[in-house]
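Encoded as structure tokens, the structure appears first; notes follow it.
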Amino acid sequence: AMWLMNGIPIQRRPKAGVDPLQPLVDKLNEGHSLVFFPEGSRGEAGVVARFRPGIGKLVRKLPGLLVVPVYLAGPERIWPRGQTVPVPLNVDAIVGKPRAYNPRDDARTIAEQVQHDVLSLAPPPPPPPGDVARAPHRVAVCGLDGRTREEVMRAVATRLGRHGTALGLGSTLLEAGPEGVQETTAPSAHMPYRAWTAILARLIGVNKRLSGPKFSEKIEIARLSEIIGERRSARFVVTDGSALVDLAAWAVADSYRGVFDDGELNRVVEYLSGKQKIPWGKWWRFIRHAPEIWLVNEWSLVRPPIPTVLVLVLPPVTGIMTELRSGGGPLEPHQNEEALGRLQQAYRRMAELLRRRHRVVVLEFEPGKDDVQSLADTVEIELLKLDEESNRALS
């Protein structure tokens with residue numbers, strides 16, 4: 030591990046006259062960056078121990094040294110009790126701004142200042158009972174037409190931004206509010222997460238509709254949505270696709286083809302959302318027929334939430350096939366009228382289940398026939414109506 034991570038060992042009990050931090054000072058003087066764990070050793074899961082003065086001693090030895098505070102959120106989730114295998118994926122690194130510290134302060138004082146800066150990056154603690162912040166409303170835009178899904182996601186997020194922060198998650202990240210719309214690309218901090226999930230997807234052989242990168246992108250968007258929900262940092266979250274709806278619909282269309290009754294399909298929803306674990310006795314069935322569902326559930330890759338509103342983009346299958354053929358490239362085995370028709374029906378079946386069992390508002394949209402802005406109006410009306418009903422129930 031020391032060789033693979035290019036680690037520098039520190040002697041806990043150095044010989045007289047030997048400075049155990051000198052190898053670190055030498056590397057920093059040579060222009061190298063250094064990842065430093067100031068707690069000194071592993072501690073209790075989820076508890077940040079007092080920083081040792083080593084970081085302060087480095088600052089004193091190297092005046093002007095820039096220190097970048099980083100908070101790791103979730104390392105205790107890598108192998109929690111009850112989980113069969115460790116999953117080194119659900120960890121978020123929150124990076125602060127680099128700063129220098131006063132080298133004239135004593136080492137202990139500097140270490141306390143660094144600890145304060147690191148802890149200031151931590152997500153807010155859960156609110157006390159009786160004072161729970163409201164979870165964001167979630168709108169999932171699902172279906173076969175990727176360009177229309179993206180257009181709908183952007184229009185809905187922009188419209189909802191009139192009433193508070195609305196985040197749109199897709200190929201780009203959109204933040205809409207009363208003051209306007211800002212746009213950025215996917216955060217680079219999540220690229221390692223994307224690479225790991227792509228590797229897992231290839232190893233286990235996920236649904237043929239999903240290459241490793243497509244699967245990992247879908248999981249990444251769901252993970253971002255989950256983080257936003259945990260931190261209550263937006264009033265609305267609009268996503269291009271839904272890991273929960275898409276993975277379940279693809280499993281129904283390609284592997285089970287109507288074998289699931291409503292009870293079993295609802296259990297799939299609970300497996301994907303993390304409310305239940307797949308029993309050992311059903312592992313082989315899911316690994317064989319729906320490995321992506323087993324992977325999300327058993328490896329705890331994400332807990333995709335059930336949306337408040339589900340928008341189904343339902344283009345005519347013949348139109349989709351015409352567009353695919355016009356691309357000039359070879360078609361995938363699943364890109365035919367029969368398979369796409371089954372998938373369209375699977376989406377409708379998932380939507381009906383969510384509407385009946387989970388009170389999800391379901392809206393259907395046909396490109397070329399329905400208007401995107403009118404759809405955004407309808408989503409806005411439905412969510413504001415839900416807010417009014419919730420406020421009346423609380424008063």
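In the numbering used here, the protein residues as written are 30 to 424.
C-beta: ideal position from N, C-alpha, C; glycine also.
Asked                                                                                                                                                            : Found
Looking at the structure shown, is TYR300 part of a helix, part of a strand, or coil, going by DSSP?                                                             : helix
Assuming LEU196 and VAL266 make a contact with CB atoms under 8 Å, what is their CB distance in whole Å?                                                         : 5 Å
From the DSSP secondary-structure annotation, give me the bridge partner or partners of GLY199.                                                                  : Note: GLY199 sits in no beta bridge, so no partner.
Taking 8 Å as the limit between beta carbons, can you name the residues of its chain near LEU404, skipping five residues before and five after?                  : VAL181, ALA184, VAL185, VAL340, LEU392, PHE394
Touching or not, the region 291-302 and the region 357-375, by the rule of three or more beta carbon pairs under 8 Å?                                            : no
Can you tell me whether PRO207 sits near the ligand HEM, meaning its C-beta is under 8 Å from at least one heavy atom of the ligand?                             : Of the ligands one can find in the structure shown there are none, so the ligand HEM has no counterpart to examine.
Apart from the five residues on each side of it in sequence, which residues of its chain come closer than 7 Å, Cβ to Cβ, to GLY93?                               : ALA129
Tell me the residue span of the beta strand (DSSP E) that contains ARG317.                                                                                       : No beta strand (DSSP E) holds ARG317; the alpha helix (DSSP H) holding it covers 312-318.
Kindly indicate the opening and closing residues of the alpha helix (DSSP H) around ASP55.                                                                       : 51-58
Grouping DSSP H, G and I as helix and E and B as strand, with all else coil, what is MET34?                                                                      : coil
What are the residues that DSSP puts in a beta bridge with ALA102?                                                                                               : ASP121
Looking only at its chain, what residues have a beta carbon closer than 6 Å to the beta carbon of SER217, apart from the 5 residues adjacent to it on each side? : In this predicted model, SER217 has a pLDDT of only 41, less than 50, meaning its place in the structure is not dependable; the value taken from the coordinates is given anyway. Result list for SER217: empty, nothing under 6 Å.
Would you decide whether ASN326 is buried or exposed? Buried here means 16 or more other CB atoms lie within 10 Å of its CB.                                     : buried
Hey, how far is the Cα of VAL143 from the Cα of PRO98?                                                                                                           : 7 Å
Relative to the C-alpha of ALA140, which candidate in ILE322, GLY83, GLN402 has its C-alpha closest?                                                             : GLY83
Taking 8 Å as the threshold, find out whether the region 192-210 comes into contact with the region 306-320 through three or more Cβ pairs.                      : no
Going by alpha carbons, who is nearest to ARG81 out of LEU95, LYS126, SER70?                                                                                     : SER70
Can you tell me where the alpha helix (DSSP H) holding ALA140 begins and where it ends?                                                                          : 136-148
For TRP32, count the other beta carbons within 10 Å of its own beta carbon; 16 or more makes it buried, fewer makes it exposed. Which is it?                     : exposed
Let me confirm a value: TRP279 is counted as buried when at least 16 other C-beta atoms fall within 10 Å, else exposed. Which label applies?                     : buried
Given a cut-off of 9 Å on the beta-carbon distance, is the pair VAL408 and ILE335 in contact?                                                                    : no
Using a 10 Å radius around the Cβ and a threshold of 16 neighbouring Cβ atoms, would you call ALA45 buried or exposed?                                           : exposed
Assuming GLY172 is part of the alpha helix (DSSP H), what are its boundary residues?                                                                             : Segment 166-172 is the beta strand (DSSP E) holding GLY172; no alpha helix (DSSP H) there.
If the criterion is Cβ atoms closer than 9 Å, does the pair ALA368 and ALA277 meet it?                                                                           : no
Could I get the ranges of all uninterrupted beta strand (DSSP E) runs contained in the region 333-398, with 3 residues as the minimum, in chain order?           : 338-342, 390-394
For ASN58 and GLU249, I'd like the C-alpha separation in whole angstroms.                                                                                        : 38 Å
To the nearest angstrom, how far is the alpha carbon of VAL168 from that of ARG354?                                                                              : 31 Å
If you draw a straight line from the C-alpha of LEU360 to the C-alpha of VAL342, how long is it?                                                                 : 22 Å
Taking the DSSP output, what are the residues bridged to ARG128?                                                                                                 : VAL96
Can you tell me the Cα-Cα spacing of GLY348 and GLY358, whole angstroms?                                                                                         : 17 Å
Roughly how many whole angstroms lie between the Cα atoms of MET220 and SER424?                                                                                  : Reliability of the predicted coordinates at MET220 is poor, the pLDDT of 49 falling under 50, and no value is obtained from them.
Kindly indicate which three-state DSSP category VAL77 falls into: helix, strand or coil?                                                                         : coil
Hey, how far is the Cα of ILE410 from the Cα of MET34?                                                                                                           : 53 Å
By how many angstroms is the C-alpha of ARG296 removed from the C-alpha of LYS247?                                                                               : 21 Å
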